[in-house]
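Novice: In terms of the working numbering, the sequence shown opens at residue 1133 and continues consecutively.
Dumping the structure here so I can ask a few things about it.
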Amino acid sequence: MTITSPDTTDDVVIEISNVWKIFGTNALEAMKSIREEGLTKSEVLAQFNAVVGVADASLSINRGEIFCVMGLSGSGKSTLVRHFNRLLEPTAGKIVIDGTDVLALENTQLQQFRNRNIGMVFQNFALLPHRSVLDNVAMPLEIRRVSKNERMRHAAAILDIVELGAWGSKFAHELSGGMQQRVGLARALAANPDVLLMDEPFSALDPLIRRQLQDEFLRLSDMMKKTTVFITHDLDEAVRIGNRIAIMRDGMIVQIGTAEDIVMNPADDYVADFVAGISRLKVVRAHVVMKPLDQYLATNEPLPADVPRVNESETLSTLIELSINNDSPIVVENENTDVGVITKKDILRTVIEGAEVS
1133 MTITSPDTTD DVVIEISNVW KIFGTNALEA MKSIREEGLT KSEVLAQFNA VVGVADASLS
1193 INRGEIFCVM GLSGSGKSTL VRHFNRLLEP TAGKIVIDGT DVLALENTQL QQFRNRNIGM
1253 VFQNFALLPH RSVLDNVAMP LEIRRVSKNE RMRHAAAILD IVELGAWGSK FAHELSGGMQ
1313 QRVGLARALA ANPDVLLMDE PFSALDPLIR RQLQDEFLRL SDMMKKTTVF ITHDLDEAVR
1373 IGNRIAIMRD GMIVQIGTAE DIVMNPADDY VADFVAGISR LKVVRAHVVM KPLDQYLATN
1433 EPLPADVPRV NESETLSTLI ELSINNDSPI VVENENTDVG VITKKDILRT VIEGAEVS
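Laid out in structure tokens, this is it:
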């Protein structure tokens, strides 16, 4: 068995449409009233003794993307993701993963789909204490009835990838929390799934270990190109690792976008409050701050040849450093073509607006 890495492309791997999850015996009646009368979550609880877990959620996730879902406790983020592999059955909606209608799968088909197509990493590690580290990692392949020699060889290769090759014969209680979580990640990767679901995998760890595992996860993601849905309540974590972020409230998805999109253009006051503590310095990029080149040249003198230049993806932090050491405007490039200009006034305006938001 070889470890393959799917290419990162723009094709959609996960698509969910109008997914609802209402807990309670009157779920369908409650959902109808929500749609027709616009009942709130608390009103649904009072009138139908039902709890809205997910409300009309739709999103699409591209191949190779790290897609973060975040929100406060009780916002519905973990409930939503548990529908992707049908650990929870939706009240209504559609879920398609890599062309497979997940809701149409019978029990045996669903078990095979989970084992072959989706890996899951839990917050509480979920390692079996009576099995060695190597046996824990090999378990998905054992379920698939891969021969013992083959699955042990493959599990050992995965442990090497997560830098735990020397710990295969140990048991979970002999490992630190961070090491146990790496074993959990290795187990999810062992079956070489198309999709990884990670439910707050690092939240129980100390801050230093958590950051180290974020780095490790980013390294593995760059290597293996897995499509990943990453649940977190930590906006700093989402900003650091996510290509895009979905923010949830009361079971609803209120905004989807890059960290830059969300910080610069929050959809409502809730999102604005949510992102208020995030520094713009590492989030905002030059292409947002700049004026288009033709617009700048229409009212200003031509730029000298020796002006500083940056790529359009450069951070606000770097722009500030450049402006401190240079009085001239900064030219923004895209593939060696000048596309925009940033002045000190543009930088100051961006920083001040960020201070007002926070």
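Idealized CB from N, CA, C, for every residue including glycine.
1. Measure the C-alpha to C-alpha separation of Asp1438 and Leu1480 and round it to an integer number of angstroms.
2. Enumerated in chain order, which unbroken segments of the alpha helix (DSSP H) with a length of 4 residues or greater are wholly contained in the segment 1379–1449?
3. In terms of residues, what are the limits of the beta strand (DSSP E) holding Glu1147?
4. To the nearest angstrom, how far is the alpha carbon of Phe1303 from that of Val1315?
5. Counting pairs of beta carbons, one from the segment 1331–1347 and one from the segment 1260–1272, are three or more of them closer than 8 Å?
6. Since Asp1331 is in the beta strand (DSSP E), which residue starts that stretch and which ends it?
7. Taking 8 Å as the CB-CB limit, is Gly1185 close to chain B?
8. For the 8 Å Cβ check, are there 3 or more pairs between the segment 1187–1198 and the segment 1375–1382?
9. What are the partner residues of Phe1257, as DSSP defines its beta bridges?
10. Using a Cβ-Cβ cutoff of less than 7 Å, which residues in the same chain neighbour Phe1406 once the five nearest sequence positions on both sides are dropped?
11. Using 8 Å as the Cβ pair cut-off and three pairs as the minimum, do the segment 1212–1228 and the segment 1394–1405 touch?
12. Reducing DSSP to helix, strand and coil, say where Gly1109 ends up.
13. Assuming Val1416 contacts Glu1392 under a Cβ cut-off of 8 Å, what Cβ separation, rounded to an integer in Å, is found between them?
14. Looking at the ligand ADP, does it come within less than 7 Å of Pro1424, judged from the CB to the closest heavy atom?
15. Indicate whether Leu1425 and Gly1472 have their beta-carbon atoms separated by less than 8 Å.
16. Assuming Val1176 is part of the alpha helix (DSSP H), what are its boundary residues?
17. So, for Lys1414: in the same chain, excluding its five sequence neighbours on each side, which residues have a beta-carbon less than 8 Å away from its beta-carbon?
18. List the whole-angstrom C-beta distance separating Gly1203 from His1365, where the pair is believed to meet the contact cut-off of C-beta under 8 Å.
19. According to the Cβ coordinates, are Met1384 and Ile1363 closer than 8 Å?
20. Are the beta-carbon atoms of Pro1440 and Asn1466 separated by less than 8 Å?
21. Is Val1234 helix, strand or coil by DSSP?
22. Mapping the DSSP letters down to three states, classify Val1294 as helix, strand or coil.
23. Does the segment 1326–1340 touch the segment 1245–1263, meaning 3 or more C-beta pairs lie closer than 8 Å?
24. Spatial neighbours of Gly1156 within its chain, please: C-beta separation below 8 Å, excluding the five flanking residues on both sides.
25. State the start and end residues of the unbroken alpha helix (DSSP H) segment that holds Ser1192.
26. Just to confirm my understanding: we take Gly1208, look at its own chain, exclude 5 residues before and 5 after, and list those with CB closer than 6 Å. What are they?
27. Taking 8 Å as the cut-off, decide whether the C-beta atoms of Glu1444 and Val1463 are in contact.
28. Verify whether the separation of the beta carbon atoms of Ala1236 and Ala1270 is less than 8 Å.
29. What is the rounded straight-line gap between the Cα of Met1133 and the Cα of Leu1160?
30. With Lys1226 as the anchor, note down where its beta strand (DSSP E) starts and where it stops.
31. Assuming the contact rule is C-beta atoms closer than 8 Å, Phe1216 and Val1361 should be a hit. Round their C-beta distance to whole Å, please.
32. Indicate whether Ile1146 and Ile1198 have their beta-carbon atoms separated by less than 8 Å.
33. Per DSSP, what are the beta-bridge partners of Ser1264 in this structure?
34. Buried or exposed for Pro1261, going by 16 or more other Cβ atoms inside 10 Å?
Specialist: So, from the data block:
1. One-based indexing of the sequence shown puts residue 1438 at position 306. One-based indexing of the sequence shown puts residue 1480 at position 348. For Asp1438 and Leu1480, the distance between alpha carbons rounds to 23 Å.
2. You should have 1391–1396, 1401–1407, 1418–1421, 1425–1429.
3. On the sequence shown, position 15 is the one that residue 1147 refers to. Counting along the chain, the beta strand (DSSP E) containing Glu1147 begins and ends at 1144–1155.
4. Counted from its first residue, the sequence shown places residue 1303 at position 171. Counted from its first residue, the sequence shown places residue 1315 at position 183. Distance between the alpha carbons of Phe1303 and Val1315 is about 11 Å.
5. No: the two stretches stay apart, fewer than three of their Cβ pairs being nearer than 8 Å.
6. Here the question's residue 1331 lines up with position 199 in the sequence shown. Here the beta strand (DSSP E) through Asp1331 covers 1327–1331.
7. Any reference to chain B falls outside this structure, which holds one protein chain only.
8. The segment 1187–1198 makes contact with the segment 1375–1382; the number of CB pairs closer than 8 Å reaches 3 or more.
9. The sequence position of residue 1257 within the sequence shown is 125, counting from 1. Residue pairing by DSSP places Phe1257 opposite no residue, since no beta bridge is assigned to it.
10. Along the sequence shown, one-based indexing puts residue 1406 at 274. Counting only residues of its own chain and dropping the five nearest sequence neighbours on each side, Phe1406 has a CB closer than 7 Å to the CB of Leu1367, Ile1379.
11. Result no; under three Cβ-Cβ pairs closer than 8 Å.
12. Since the displayed the chain opens at 1133 and closes at 1490, residue 1109 lies outside it and no answer follows.
13. In the sequence shown, counting from the first residue as 1, residue 1416 sits at position 284. In the sequence shown, counting from the first residue as 1, residue 1392 sits at position 260. The Cβ separation is near 6 Å, so the contact holds.
14. This structure simply doesn't include the ligand ADP, nor any ligand for that matter.
15. Within the sequence shown, residue 1425 is the residue found at index 293, counting from 1. Within the sequence shown, residue 1472 is the residue found at index 340, counting from 1. The beta carbons of Leu1425 and Gly1472 sit closer together than 8 Å.
16. By one-based count along the sequence shown, residue 1176 stands at place 44. Taken as a continuous stretch (DSSP letters only), the alpha helix (DSSP H) holding Val1176 covers 1173–1180.
17. Taking the first residue of the sequence shown as 1, we reach residue 1414 at position 282. Contacts found: Val1371, Thr1447, Leu1448, Ser1449.
18. In the sequence shown, residue 1203 corresponds to position 71, counting from 1. In the sequence shown, residue 1365 corresponds to position 233, counting from 1. 7 Å between Cβ atoms; contact.
19. If you number the sequence shown from 1, residue 1384 lands on position 252. If you number the sequence shown from 1, residue 1363 lands on position 231. Contact flag unset, no.
20. Taking the sequence shown and counting its residues from 1, one reaches residue 1440 at position 308. Taking the sequence shown and counting its residues from 1, one reaches residue 1466 at position 334. Result no, Cβ atoms of Pro1440 and Asn1466 do not sit closer than 8 Å.
21. By 1-based counting over the sequence shown, the position of residue 1234 is 102. Secondary structure of Val1234 (DSSP, three-state): helix.
22. Residue mapping note: residue 1294 aligns to position 162 of the sequence shown, counting from 1. DSSP places Val1294 outside both helix and strand once states are collapsed to three, so it counts as coil.
23. Taking one beta carbon from each stretch, the segment 1245–1263 and the segment 1326–1340 have 3 or more pairs nearer than 8 Å; the two touch.
24. In the sequence shown, the residue the question calls residue 1156 occupies position 24. The answer, listed in chain order, is Ala1162, Phe1180, Asn1181, Ala1182, Val1183.
25. Within the sequence shown, numbered from 1, the residue matching residue 1192 stands at position 60. Careful: Ser1192 lies outside any alpha helix (DSSP H), inside the beta strand (DSSP E) at 1183–1194.
26. Start at 1 with the first residue of the sequence shown, and residue 1208 comes out as number 76. Leaving aside the five residues that flank Gly1208 on each side, the residues in its chain whose CB is nearer than 6 Å to its CB run, in chain order, Gly1185, Val1186, Met1380, Gly1383.
27. Along the sequence shown, one-based indexing puts residue 1444 at 312. Along the sequence shown, one-based indexing puts residue 1463 at 331. Cβ distance not < 8 Å, so Glu1444 and Val1463 don't count as in contact.
28. By 1-based counting over the sequence shown, the position of residue 1236 is 104. By 1-based counting over the sequence shown, the position of residue 1270 is 138. Their beta carbons are not under 8 Å apart, which means Ala1236 does not touch Ala1270 by this criterion.
29. In the sequence shown, residue 1133 corresponds to position 1, counting from 1. In the sequence shown, residue 1160 corresponds to position 28, counting from 1. With a pLDDT of 35 at Met1133, under the threshold of 50, the modelled position of this residue cannot be trusted; read the value that follows with caution. C-alpha of Met1133 to C-alpha of Leu1160: approximately 46 Å in a straight line.
30. Numbered from 1 along the sequence shown, position 94 holds the residue referred to as residue 1226. For Lys1226, the enclosing beta strand (DSSP E) begins and ends at 1224–1229.
31. Reading the sequence shown from its first residue, position 84 is the one you call residue 1216. Reading the sequence shown from its first residue, position 229 is the one you call residue 1361. Confirmed, Cβ separation roughly 7 Å.
32. Stepping through the sequence shown from its first residue, residue 1146 is reached at position 14. Stepping through the sequence shown from its first residue, residue 1198 is reached at position 66. No, these two residues do not count as a Cβ contact at 8 Å.
33. Within the sequence shown, numbered from 1, the residue matching residue 1264 stands at position 132. Looking at the DSSP assignment, Ser1264 forms a beta bridge with Phe1303.
34. Position 129 of the sequence shown holds residue 1261. Exposed, by the Cβ-count rule.
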